[in-house]
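One structure is given below, encoded as structure tokens.
Numbering (full-length UniProt numbering), first residue to last: 1 to 648.
In structure tokens:
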């Protein structure tokens, strides 16, 4: 591979230009001139996967743009404006094919011209046939749809916008807006399967669902009216959103006697029914939604600024995303972007969860008693006022990994990222803990960069008996803020295999501690750290600082400290204190130089572990190097290179 791991989050494609000049207008124009002469990659719409958070990210977007004109439009420097530009571009590029009309379906047209059957959307919904029929309702843009509080009960249907008029046979790229502003303090759309005996399927296409508000400030109201100001889904429902925006919706709660107000944008309660889900397909986004919690304080209030799910499934498909949602108020809930509870499952593939903020825990994602699959997913620029800037996971199963092919036009090593997240409390990128049942997180072939915390664990805090954090092929770079990268405590287990930790920073006075292990419980069980086949290169830092019953074995490891000073167990095998010769730490290139001592360092017998996956850059593991190396302990005798990179 030719591209290194991004410095904190970005690879500088223009070399070592002076940093003070990179931020100037003059140099931005120079960069544009260079790019205008270059061959522009395809798929401009995929720029959403690189939503901007600063000027450097704008440069990254430019590199993925389709035309010079688009690149100029993206160089605003305003993250919110840039995001809107890219989202609109995605909608324009998503295609204008009409929905497939099911056999035997009737087409009902809503709008403001003589070819329309209805002027009100709810009237068309009422006249659509009940299950098992699936009718199509086409909603033209030549009428205004305000004060919307639509209700769909026990009917499958397709609601399709994007038509200029009822006479139009083809939609165009502009969405039809369903606006709850001025309405009855209810969700814009409620979808309810009353008896759950049949699956209810609802597809929303080319719609913008906005302006919904729900509030408990007046009288006691049911959960069906309080949750999901944009979209409220209950029962055995399969809801598909295609080229649809759920934006600028808000729930609020001000009195302790009222039920929940979860899901500023979308609320789904599968009610334990099999197969219930909401799926964001290509070109669909949940953005700028909010939950505002007043004096209420329970775990089930005001959570999920963007999406709240219980006993169901949320699917985020390629080129979809959850952006700039918030939980706030006097006592805010969890999960600025997504909140999962009660055995909910989140399945994300090649999507982005970006710039969300939680007033409590889980800036991007909060999961409790749930399952999270993040495949080729970027968790970028989220913030928690409490713990878990990127992700907070309690009693949950989390898998985050990259797939084996490039994603959204990006180099393969940039596909799975936990980046630039911040927690005011503990766990800048990740907070793992347990209450009743142990949780587990597995991170594979993932970059963790640029995260920060105000307290413990700029990368992660792992806590609780049986809680496990397992990492393989993970690059940890440019994280900062706390004097501890990883805070490991209370009989938890953390494993670091075939990974590289280098180039992280400490903003506080005490020296950096890569791993801080703590066990104050009198239980005979240790807090455990296991390091195998990895590189830990942070000169001046303590590798493992230990208090209480702890155990820190390592095998086939290169570290910056002497073994006896490292905090790793004295019986560790094949440990070397030698410069690993990373290519360019300043530019966050964590690949190995051709003469690195980490090349062909270990075989599977020595390390007691064979890599399960390719390296971070897509190279096969166990490839013998044909050049001379200085490889302790047995030069040239190993099969595997240490760290995230296998030299080929």
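Just so you know, even glycine gets a beta-carbon here, dropped at the ideal spot from N, CA and C. The structure displayed is predicted, hence computed values, not measured ones.
* Asked: Under a Cβ-count criterion, where at least 16 other Cβ atoms within 10 Å of its own Cβ denotes burial, should residue 308 be classed as buried or exposed?
  -> Buried is the call here.
* Is residue 104 buried or exposed, if buried means 16 or more other CB atoms sit within 10 Å of its CB? -> With fewer than 16 Cβ atoms within 10 Å of its Cβ, residue 104 is classed as exposed.
* Indicate the three-state DSSP secondary structure (helix, strand or coil) for residue 184 in the structure shown. => Residue 184 falls in the coil class under three-state DSSP.
* Own chain, CB closer than 6 Å to residue 374, minus 5 neighbours either side, in chain order -> If we look at residue 374 and ignore the five residues flanking it on each side, its Cβ neighbours are 348 and 400.
* For residue 226, which three-state DSSP category applies? -> Taken through DSSP and simplified to helix, strand or coil, residue 226 comes out as helix.
* To do: Could you round the C-beta distance between residue 425 and residue 387 to whole angstroms and report it? I think they count as a contact, below 8 Å.
  => About 4 Å separates the Cβ atoms of residue 425 and residue 387, confirming a contact at the 8 Å cut-off.
* Asked: To which residues of the same chain is residue 208 closer than 6 Å at the C-beta, ignoring the five residues directly before and after it?
  -> Apart from sequence neighbours up to five positions away, the residues of its chain that approach residue 208 with a beta-carbon distance below 6 Å are 175, 177 and 245, ordered along the chain.
* **When 534, 545, 572 and 587 are compared against residue 642, the one with the closest alpha-carbon** => Nearest C-alpha to residue 642: 534.
* **Beta-carbon proximity check, residue 179 vs residue 146, cutoff 9 Å** => Cβ atoms of residue 179 and residue 146: closer than 9 Å.
* Asked: So residue 236 packs on residue 200, CB below 8 Å; how close in whole Å?
  -> Indeed they touch by this definition, with Cβ atoms about 6 Å apart.
* So what does residue 207 bridge to, in DSSP terms? -> Answer is 176, bridged to residue 207.
* To do: Mark residue 487 as exposed unless 16 or more other C-beta atoms lie within 10 angstroms of its C-beta, in which case mark it buried.
  => Classification of residue 487: buried, given that the 10 Å Cβ count is 16 or more.
* **Alpha carbon of residue 169 to alpha carbon of residue 402, nearest angstrom** => Going from the Cα of residue 169 to the Cα of residue 402 covers about 41 Å.
* Asked: Where residue 569 and residue 554 are concerned, what is the direct C-alpha to C-alpha distance, given to the nearest angstrom?
  -> When rounded, the distance between both Cα atoms is 7 Å.
* What residue does the alpha helix (DSSP H) around residue 623 start on, and which one ends it? -> In the DSSP annotation of this structure, residue 623 is not part of any alpha helix (DSSP H), being labelled neither H nor E.
* To do: Could you tell me which of 615, 411, 326 and 143 sits nearest to residue 473, measuring between CA atoms?
  => Closest in C-alpha terms to residue 473, from the list 615, 411, 326 and 143, comes 615.
* Who are the near neighbours of residue 675 in its chain, counting only those whose CB is closer than 6 Å to its CB and skipping five residues on each side? -> The chain is shown from 1 up to 648; residue 675 falls before or after that span and cannot be answered.
* Asked: Which value, in whole angstroms, describes the spacing of the CA atoms of residue 262 and residue 287?
  -> Whole-angstrom Cα-Cα distance: 15 Å.
* Asked: residue 592: which of 112, 579, 505 and 344 sits nearest, CA to CA?
  -> Of 112, 579, 505 and 344, the residue nearest in Cα terms is 579.
* Asked: Under the DSSP definition of a beta bridge, which residues are partnered with residue 477?
  -> Per DSSP, the beta-bridge partners of residue 477 are 449.
* **Alpha carbon of residue 252 to alpha carbon of residue 461, nearest angstrom** => Going from the Cα of residue 252 to the Cα of residue 461 covers about 31 Å.
* To do: Leaving out five residues on either side along the sequence, give the residues of the same chain with a beta carbon under 7 Å from the beta carbon of residue 621.
  => Excluding positions up to five away in sequence, the list reads 611, 614, 615, 640 and 646.
* Does DSSP put residue 578 in a helix, a strand or coil? -> For residue 578, the three-state secondary structure derived from DSSP is coil.
* Got a sec, what are the start and stop residues for the beta strand (DSSP E) residue 536 sits in? -> 527-537 is the span of the beta strand (DSSP E), which, as asked, contains residue 536.
* **Helix, strand or coil at residue 70 according to DSSP, with G and I counted as helix** => Bear in mind that the predicted position of residue 70 carries a pLDDT of just 41, short of 50, making it too unreliable to give a figure here.
* Within 10 angstroms of its Cβ, does residue 132 collect 16 or more other Cβ (buried), or is it exposed? -> That one is exposed.
* Kindly provide the ranges of any alpha helix (DSSP H) runs that are 4 or more residues long and lie completely inside the stretch 107-173, ordered along the chain. => For the stretch 107-173, the continuous alpha helix (DSSP H) assignments of 4+ residues that do not extend past its boundaries occur at 121-127, in sequence order.
* Asked: First and last residue of the beta strand (DSSP E) that includes residue 430?
  -> 430-433 is the extent of the beta strand (DSSP E) around residue 430.
* Counted within 10 angstroms of its Cβ, other Cβ atoms place residue 571 as buried (16 or more) or exposed -> Within a 10 Å sphere around the beta-carbon of residue 571 sit fewer than 16 other beta-carbons, which makes this residue exposed.
* Asked: How about residue 292 and residue 324: do their beta carbons lie closer than 9 Å?
  -> Result no, Cβ atoms of residue 292 and residue 324 do not sit closer than 9 Å.
* In angstroms with no decimal places, state the Cα-to-Cα distance between residue 526 and residue 565. => Looking at the two C-alpha atoms, the distance is approximately 20 Å.
* Have a look at residue 636 and residue 414 and give me their C-alpha separation to the nearest angstrom. => Bear in mind that the predicted position of residue 636 carries a pLDDT of just 49, short of 50, making it unreliable; the figure below should be weighed with that in mind. The C-alpha of residue 414 is placed about 30 Å away from the C-alpha of residue 636.
* To do: Output yes or no for whether 9 Å exceeds the beta carbon distance between residue 398 and residue 391.
  => In contact: residue 398 and residue 391 (Cβ atoms closer than 9 Å).
* Asked: Cβ of residue 498 within 9 Å of Cβ of residue 532?
  -> Yes, Cβ-Cβ distance for residue 498 and residue 532 is below 9 Å.
* Asked: Quick one: Cα of residue 548 to Cα of residue 357, how far?
  -> Cα to Cα, the separation comes out at about 35 Å.
* Asked: What does residue 323 pair with, by DSSP beta-bridge criteria?
  -> When beta bridges are read from the DSSP output, residue 323 appears opposite 287 and 354.
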